[in-house]
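Numbering (our numbering), first residue to last: 1 to 746.
To start, the structure itself, in structure tokens.
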Amino acid sequence: MSGHDSKYFSTTKKGEIPELKEELNSQYKDKRKDAVKKVIAAMTVGKDVSSLFTDVVNCMQTENLELKKLVYLYLINYAKSQPDLAILAVNTFVKDSQDPNPLIRALAVRTMGCIRVDKITEYLCDPLQRCLKDDDPYVRKTAAICVAKLYDINAELVEDRGFLESLKDLISDNNPMVVANAVAALAEIQENSTRPIFEITSHTLSKLLTALNECTEWGQVFILDALSRYKAADAREAENIVERVTPRLQHANCAVVLSAVKMILQQMELITSTDVVRNLCKKMAPPLVTLLSAEPEIQYVALRNINLIVQRRPTILAHEIKVFFCKYNDPIYVKMEKLEIMIKLASDRNIDQVLLEFKEYATEVDVDFVRKAVRAIGRCAIKLERAAERCISVLLELIKIKVNYVVQEAIIVIKDIFRRYPNTYESIIATLCESLDTLDEPEAKASMIWIIGEYAERIDNADELLESFLESFPEEPPQVQLQLLTATVKLFLKKPTEGPQQMIQVVLNNATVETDNPDLRDRAYIYWRLLSTDPEAAKDVVLAEKPVISDDSNQLDPSLLDELLANIATLSSVYHKPPDTFVTRVKPATQRTEDDEYPDGNETGYAESPANAADGGASPPTSSSSVPYGAARQPAPAPAAPAPVAPVPDLLGDLIGLDNNAIVPADQHATSSGPPLPILLPASTGQGLQISAQLARQDGQIFYSLQFENNSQITLDGFMIQFNKNSFGLAAAGSLQVIMTCVVFS
1 MSGHDSKYFS
11 TTKKGEIPEL
21 KEELNSQYKD
31 KRKDAVKKVI
41 AAMTVGKDVS
51 SLFTDVVNCM
61 QTENLELKKL
71 VYLYLINYAK
81 SQPDLAILAV
91 NTFVKDSQDP
101 NPLIRALAVR
111 TMGCIRVDKI
121 TEYLCDPLQR
131 CLKDDDPYVR
141 KTAAICVAKL
151 YDINAELVED
161 RGFLESLKDL
171 ISDNNPMVVA
181 NAVAALAEIQ
191 ENSTRPIFEI
201 TSHTLSKLLT
211 ALNECTEWGQ
221 VFILDALSRY
231 KAADAREAEN
241 IVERVTPRLQ
251 HANCAVVLSA
261 VKMILQQMEL
271 ITSTDVVRNL
281 CKKMAPPLVT
291 LLSAEPEIQY
301 VALRNINLIV
311 QRRPTILAHE
321 IKVFFCKYND
331 PIYVKMEKLE
341 IMIKLASDRN
351 IDQVLLEFKE
361 YATEVDVDFV
371 RKAVRAIGRC
381 AIKLERAAER
391 CISVLLELIK
401 IKVNYVVQEA
411 IIVIKDIFRR
421 YPNTYESIIA
431 TLCESLDTLD
441 EPEAKASMIW
451 IIGEYAERID
461 NADELLESFL
471 ESFPEEPPQV
481 QLQLLTATVK
491 LFLKKPTEGP
501 QQMIQVVLNN
511 ATVETDNPDL
521 RDRAYIYWRL
531 LSTDPEAAKD
541 VVLAEKPVIS
551 DDSNQLDPSL
561 LDELLANIAT
571 LSSVYHKPPD
581 TFVTRVKPAT
591 QRTEDDEYPD
601 GNETGYAESP
611 ANAADGGASP
621 PTSSSSVPYG
631 AARQPAPAPA
641 APAPVAPVPD
651 LLGDLIGLDN
661 NAIVPADQHA
671 TSSGPPLPIL
681 LPASTGQGLQ
691 ISAQLARQDG
701 QIFYSLQFEN
711 NSQITLDGFM
721 IQFNKNSFGL
731 AAAGSLQVIM
741 TCVVFS
């Protein structure tokens, strides 16, 4: 629609459907065209205009391309809800697929591919077969994409009619856009298929590389993605491929650049010449740097991809660390990513520059960014042994600023530095102890306590320092309590004097008697038994030499990194997760009959219960139901009696209050036998409705037996139950079955 067509969206008339019907059947072309525009406008804003289906379809018989497009748009939207009426349009589709105008031929095939109705699919095959061999490249490229859509609807039909072979033939087409679309369609089909369909040969390779220079930017992305999955036969072939692809690095479109980088990285694994690899690294740096001058959103995507690239090939951007320095107006998500990359690129050569930057960031106003910057200094110290002393100097300078959260982060990272370089920088402990009173965050407290316990023999007043924490032991978080326990045991083993001896008694008593935390209690009992039975063994265990740590907190597993590098320029490289973890591909399933029943996916069971009232006096009816648990997508159980199931060991025990003895059959009244169900909602709270319920197991299945008792004067029906998501994954396996029982009181 053109700009002045906005008037079609402004109508607010209530009785417009009859008027539209009349206008659609008008003898004047302009009036019919206006009416179709009004229908599309109403459809766009969410109004139901499906009742006009027949009238709109009648407008298909026109030479006007704009009107034909509008009618096709309407058909795509409503064909699914009106499949029988959609058949009326088939003859026009078939006729349009042979129209002299290539635009109309392509439009007909594209629309038929978008209408996901089985009955129409049968009629699509012949026109599609013709369009795949059409003289006009525009029609051929449209038909190529249509094959992928048809495969998604009916894979067997595509294979039986030979569409896959036709699609592979299009890769040799002389038009680059046709080649690009054929590659895109084959790649889509391959992702939905379990067997190999699209395999690039040396002959196909040359065709794709030739088409790469001439097709549009998105066509280039499709071809580059396909080429990245090709494994070259040897280093020479890999070099030739890379040479043909390298000019794509200069492209203005970021997607083309990243796809080219991905493809080059894949082929570089096969190249043996160090000179060639070095030159390629130099060539890839400028385009990656250029991506960082785009909008913040594109910068973020580029940075997430660069994060992966520098883990595999840090030399690419080793000399470009300055481009990752944060600007004052960078959004926080961009700043955080830049910090990560700066840590990965930090080396003995550039560490002074990097530390100056980090020190500057640690004085900014954004607390999260400041914390990350302080941690970054610590991570650089752990990564670069020769720079560790300079990093610690910067951290001590930051501690002297006396900003609370900066001090706490600094103590956390210094604890890690002590782990990395034991017996090297302990002289700074005195400076750390000066900030003891300002600590209020659990991780900072735990770090400081660890330092005091680990170096208790070097700190004269270690017992006094720990005692200051012990006063609030019961109120401390578990993380701090565990460290206090271990640090006190270390102190006692290193200085077995009267003071530490009293402290250990207090701590062990608190940790075993006064706490509900099983982790803390178990550790305290272990220490207690070690100390009481064999103090020397306790020393060997508690004061054992600790392994030196390394900074691998943000390093990915090599196999995961390989997979993510193969998915550069996709969501996978932004999330840093394999595609399988956030994309579910639905494989073409076998045809289901309309009689197959599946439970609702909302995990909700419904039941309509007839109102049964007694003839005289107030009669509080009691209803009961047993709702079986199961997978939310499992087919509903048939009404027939289930076959006996072998007993399943109760691994959960009484963890969820499941009473294996209180088994209530699903088809019996809940109160007919067995102990009464526990009351969950008393009548006083539920305005006369009392609900009793209990989990029970029957024949290896879990049931939730519910009893509703109506103590009010009002008839209750239409019961509904909903299961919230829970850690056991329990959900309703079938509909709620309510059996009403009327109890009459004389």
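Using N, Cα and C, we set each Cβ at its ideal position, and we do this for glycine too.
Local Cβ density within 10 Å of residue i, reported as buried at 16 or more and exposed below that
i	result
residue 32	buried
residue 709	buried
residue 280	buried
residue 614	Any reading at residue 614 must be qualified, since the residue scores a pLDDT of 37, below 50, and its modelled position is unreliable; no value is offered.
residue 583	exposed
residue 447	buried
residue 722	exposed
residue 640	The pLDDT assigned to residue 640 is 41, lower than 50, so where the model puts this residue is not dependable; a value taken from the coordinates is nonetheless given after this. Exposed is the call here.
residue 546	exposed
residue 243	exposed
residue 143	buried
residue 46	exposed
residue 19	exposed
residue 475	exposed
residue 269	exposed
residue 111	buried
N- and C-terminal bounds of the alpha helix (DSSP H) containing residue i
i	result
residue 527	518 to 533
residue 263	254 to 268
residue 402	Segment: none, residue 402 is in no alpha helix (DSSP H) and carries neither H nor E.
residue 141	137 to 153
residue 130	118 to 132
residue 279	274 to 291
residue 201	Careful: residue 201 lies outside any alpha helix (DSSP H) and carries neither H nor E.
residue 190	176 to 191
residue 329	No alpha helix (DSSP H) contains residue 329, which DSSP labels as neither H nor E.
residue 100	Taken as a continuous stretch (DSSP letters only), residue 100 belongs to no alpha helix (DSSP H), as it is neither H nor E.
residue 568	Taken as a continuous stretch (DSSP letters only), residue 568 belongs to no alpha helix (DSSP H), as it is neither H nor E.
residue 213	Per DSSP, residue 213 belongs to no alpha helix (DSSP H) and is neither H nor E.
residue 486	478 to 494
Candidates the options: closest to residue i by CA position
i	options	result
residue 348	387, 379, 367	387
residue 289	276, 450, 277, 303	303
residue 81	69, 62, 54, 103	54
residue 436	424, 412, 423	412
residue 445	202, 472, 68, 150	472
residue 440	404, 474, 434, 422	404
residue 69	27, 96, 48	96
residue 701	733, 420, 693	733
residue 163	366, 193, 126	126
residue 100	65, 234, 76, 113	65
residue 109	528, 123, 119	123
residue 551	519, 161, 344, 71	344
residue 241	166, 18, 223, 368	223
residue 172	210, 332, 396	210
residue 132	118, 486, 527, 181	181
residue 706	431, 681, 115, 482	681
residue 312	175, 470, 693, 261	261
residue 382	675, 187, 419	419
residue 450	497, 542, 360, 498	542
residue 527	517, 83, 486	486
residue 151	136, 185, 177	185
residue 286	300, 248, 577	248
residue 130	147, 116, 118, 119	147
residue 91	77, 120, 115	120
Identified DSSP bridge partners for residue i
i	result
residue 747	No answer is possible for residue 747: it lies beyond the span of the chain, which begins at 1 and ends at 746.
residue 679	692
residue 302	Note: residue 302 sits in no beta bridge, so no partner.
Just checking, does the stretch 368 to 380 make contact with the stretch 400 to 412 on the three C-beta pairs under 8 Å criterion? Yes, the stretch 368 to 380 touches the stretch 400 to 412.
If you pair each beta-carbon of the stretch 550 to 568 with each one of the stretch 281 to 301, do three or more pairs fall below 8 Å? Cβ pair count under 8 Å is below three, so no.
Is it the case that the stretch 533 to 547 contacts the stretch 502 to 513, given that we only count it when at least three CB pairs across the two stretches are under 8 Å? Touching, no, given that fewer than three Cβ pairs across the two stretches are closer than 8 Å.
Check whether the stretch 48 to 67 and the stretch 83 to 100 are in contact - that is, three or more C-beta pairs closer than 8 Å. When Cβ pairs closer than 8 Å are counted between the two stretches, the stretch 48 to 67 is seen to touch the stretch 83 to 100, the count reaching three or more.
Is it the case that the stretch 451 to 463 contacts the stretch 509 to 524, given that we only count it when at least three CB pairs across the two stretches are under 8 Å? In short, these stretches do not touch, since the Cβ pair count stays below three.
Flag this pair as touching only if the stretch 412 to 426 and the stretch 448 to 458 have three or more C-beta atom pairs under 8 Å; answer yes or no. By the Cβ criterion, the stretch 412 to 426 is in contact with the stretch 448 to 458, since at least three pairs of Cβ atoms, one from each stretch, lie closer than 8 Å.
Are there three or more Cβ pairs, one per stretch, closer than 8 Å when the stretch 213 to 233 is compared with the stretch 255 to 273? Result yes; three or more Cβ-Cβ pairs closer than 8 Å.
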